[in-house]
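Order-wise, the sequence lines are chains R and A. Per this note's numbering, numbering of the first sequence is gapless, rising by one per residue and ending at 236. Per this note's numbering, numbering of the second sequence is gapless, rising by one per residue and ending at 236. This report refers to the structure that appears directly beneath it.
2 protein chains.
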Amino acid sequence: MKQEKKAVILLSGGLDSATTLAIARHQGYECFAITFQYGQRHSIEVEAAKRIARSLKTAEHRLIPIDLASFGGSALTDPAMKVPKTGPDPSSIPITYVPVRNLIFLSYALAWAEVLKVFHIFIGANAVDYSGYPDCRPEFFEAFQKTANLAAVAAVEGKGIFQIHTPIIHMTKAEIIKTGLQLGVDYSLTHSCYDPTPQGLACGLCDSCRLRKKGFREAGVPDPTKYVS
Amino acid sequence: MKQEKKAVILLSGGLDSATTLAIARHQGYECFAITFQYGQRHSIEVEAAKRIARSLKTAEHRLIPIDLASFGGSALTDPAMKVPKTGPDPSSIPITYVPVRNLIFLSYALAWAEVLKVFHIFIGANAVDYSGYPDCRPEFFEAFQKTANLAAVAAVEGKGIFQIHTPIIHMTKAEIIKTGLQLGVDYSLTHSCYDPTPQGLACGLCDSCRLRKKGFREAGVPDPTKYVS
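Here is the structure:
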């Protein structure tokens, strides 16, 4: 009998998490996707997550509203702060950083995993073509995994060891796109822009759009995204 | 000039976190309290947190709604599960366990601390007279502190080191009560019961009531709580 493998997948609606979901499916996991509505300006991203979850046949897709906007401190959640459009500044953390976002997301994912009795969590973090957020680095995920196995009853009682999977962490954006295309990801369903128009068009100038454009260019495949510029 | 010390304090409305807040104040910290509304049956606890925050003069008190109830898995958030009344079973984790609750709470506290530029977080966890939850043990807090310092920009940029303070972790309930009384905590403002009446009376039989009663008895001071039994 084939052993059942299950995983919780953090799904943002972007290119990276869609590819990560496809990789988990390809590895034989039944996938439980979780998407956070954290006061980000672009709820368009959440709609994209729903489309991707359907397209890649998740067993379940949970939307979790979480209040990060009330803390402020990020251009992604604070309307008073402008999303930068002039390209990345490699010397500093960008103002699109949402304080310890991945830590909060993973903590929720772990809570759900524990209730589901699932020991695998996939996150589409990337430490190559990325915006420089510290909670995207391998050492953060290693530390989180240790913490998770001290926090969760299922681990403490010896029923399993929680594993945080970061399958695309060392890939370039071009490699991520090529991998996803091989696994059947429809990138026209994904959304990356930090500052889309009300109609959902990508601005083409924010860090996230720049990385996305560069990725498709370097992968040598057409970019299905509609950009304003 | 006296140096300004600031801390974020997790405040539940219970006896332990009220004492922890008083300790932080006594140590000279200006206190920013954070209370979570996580679908617990006893919103009476949140009202208690507000009274304590006022009484102990916090600089600010944030209430953060978080959706743990939708995951299920705990008698504290799931109305279909009964709160046990026959005393603790030391051989297993009780069904009042909310999956990785302290991990989620601390992650939010860290996000707020980062926005406030505060490097100290106090939590009233206790590993002596407690319910056996794994995320109340010192090794969990040590692991979380390491993770926090890898996740937060302020730490990665060398602006400070986040410290998780657990001042009552090795105290008995009686010691906690005696300490709090010395520091002026009014325990009639606090609420411990997992299953209060609609009028807010403590049941007197759940694990949390049992620990509270035992604490006052051993401390040799009157218990201001109104119990049903």
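Don't be surprised by glycine CBs; every beta carbon is placed ideally from N, CA and C. It should be emphasised that the depicted structure is a prediction, and the values quoted were computed from it without experimental measurement.
| task | Starting from Lys-166 of chain A, find everything on chain R with Cβ-Cβ shorter than 8 Å and list it in chain order. | result | By Cβ distance, chain R contributes nothing, its closest Cβ being about 11 Å from Lys-166 of chain A, past 8 Å.
| From Leu-18 of chain R to Lys-92 of chain R, what distance separates their C-alpha atoms? | 25 Å
| said: If contact is defined by three or more beta carbon pairs under 8 Å, each pair taking one atom from either stretch, is the segment 66 to 80 of chain A in contact with the segment 216 to 223 of chain A? | reply: no
| Just by C-beta distance, which residues in the segment 113 to 135 of chain A are closer than 9 Å to chain R? | Leu-113, Ser-114, Tyr-115, Leu-117, Ala-118, Trp-119, Ala-120, Glu-121, Val-122, Leu-123
| task | Please determine, among R:Ile-51, R:Thr-42, R:Ala-14, the residue with the shortest C-alpha to C-alpha distance to Pro-205 of chain R. | result | R:Ile-51
| message | Using only the alpha-carbon positions, how far apart do Thr-186 of chain R and Tyr-201 of chain R sit? | response | So the alpha carbons of these two residues sit roughly 24 Å apart.
| Which ranges does the alpha helix (DSSP H) cover as unbroken runs of at least 4 residues, wholly within the segment 126 to 194 of chain A, from first to last along the chain? | 145 to 158, 160 to 163, 180 to 189
| task | With DSSP collapsed to three states, give me the class of Lys-124 of chain A. | result | Three-state result, Lys-124 of chain A: coil.
| In chain order, what residues of the same chain have a beta carbon less than 8 Å from the beta carbon of Ile-184 of chain A, not counting five sequence neighbours either side? | Leu-22, Thr-26, Tyr-194, Gly-222, Phe-223, Ala-226, Val-228
| task | Measure the CB-CB distance between Val-192 of chain A and Leu-123 of chain A and report whether it falls below 8 Å. | result | no
| said: For Arg-58 of chain R and Lys-180 of chain A, what's the separation of their Cα atoms in angstroms? | reply: 51 Å
| query | Exposed or buried, what is Leu-218 of chain A when buried is set at 16 or more other beta-carbons lying within 10 Å of its beta-carbon? | reply | By the neighbour-count rule (16 or more Cβ atoms within 10 Å), Leu-218 of chain A is buried.
| task | Whole angstroms is fine: what's the gap from Met-8 of chain A's alpha carbon to Tyr-36 of chain A's? | result | Confidence is the limiting factor: at Met-8 of chain A the pLDDT is only 45, short of 50, which leaves the residue's position unreliable and the question unanswerable from this model.
| field | Cross-strand partners of Pro-72 of chain A (DSSP beta bridge) | value | A:Gln-44
| Straight-line Cα distance separating Pro-231 of chain A from Gln-170 of chain R | 46 Å
| At least one CB of chain A closer than 8 Å to the CB of Asp-142 of chain R: is that the case? | At least one chain A Cβ lies under 8 Å of Asp-142 of chain R.
| field | Cut-off 8 Å between Cβ atoms - residues of its own chain near Thr-154 of chain R, not counting five sequence neighbours on either side | value | Its chain contains no residue whose beta carbon lies nearer than 8 Å to that of Thr-154 of chain R once the 5 sequence neighbours on both sides are disregarded.
| task | Check the Cβ-Cβ distances between Leu-18 of chain R and every residue of chain A, and say whether any is below 8 Å. | result | no
| Continuous alpha helix (DSSP H) stretch holding Thr-53 of chain A: start and end | In the sequence under discussion, the amino acid at residue 53 of chain A is Val, which differs from the Thr named in the question. Per DSSP, Val-53 of chain A belongs to the alpha helix (DSSP H) from 51 to 62.
| query | Within 8 Å (strictly less), CB to CB, does Glu-67 of chain R reach chain A? | reply | no
| said: For Gly-21 of chain R, would you say it is in contact with chain A, using Cβ-to-Cβ distances shorter than 8 Å as the test? | reply: no
| task | Take Ala-40 of chain A and list the residues in its own chain whose beta-carbon comes closer than 6 Å to its own, dropping the five residues that flank it on each side. | result | Ile-16, Leu-18, Ala-60, Thr-65, His-68
| Gln-189 of chain A classed as buried or exposed, judged by whether at least 16 other C-beta atoms fall within 10 angstroms | The residue is exposed, with fewer than 16 neighbouring Cβ atoms inside 10 Å.
| What is the DSSP secondary structure of Ala-14 of chain R, reduced to helix, strand or coil? | strand
| field | Beta carbon proximity, Pro-72 of chain A to chain R, threshold 8 Å | value | yes
| request: With DSSP as the reference, please indicate the residues paired to Cys-213 of chain R in a beta bridge. | output: In the DSSP output, where bridge partners are listed per residue, Cys-213 of chain R has none listed.
| field | Separation of Lys-13 of chain A from Val-125 of chain A, as counted between CA atoms | value | The alpha-carbon atoms of Val-125 of chain A and Lys-13 of chain A are separated by roughly 6 Å.
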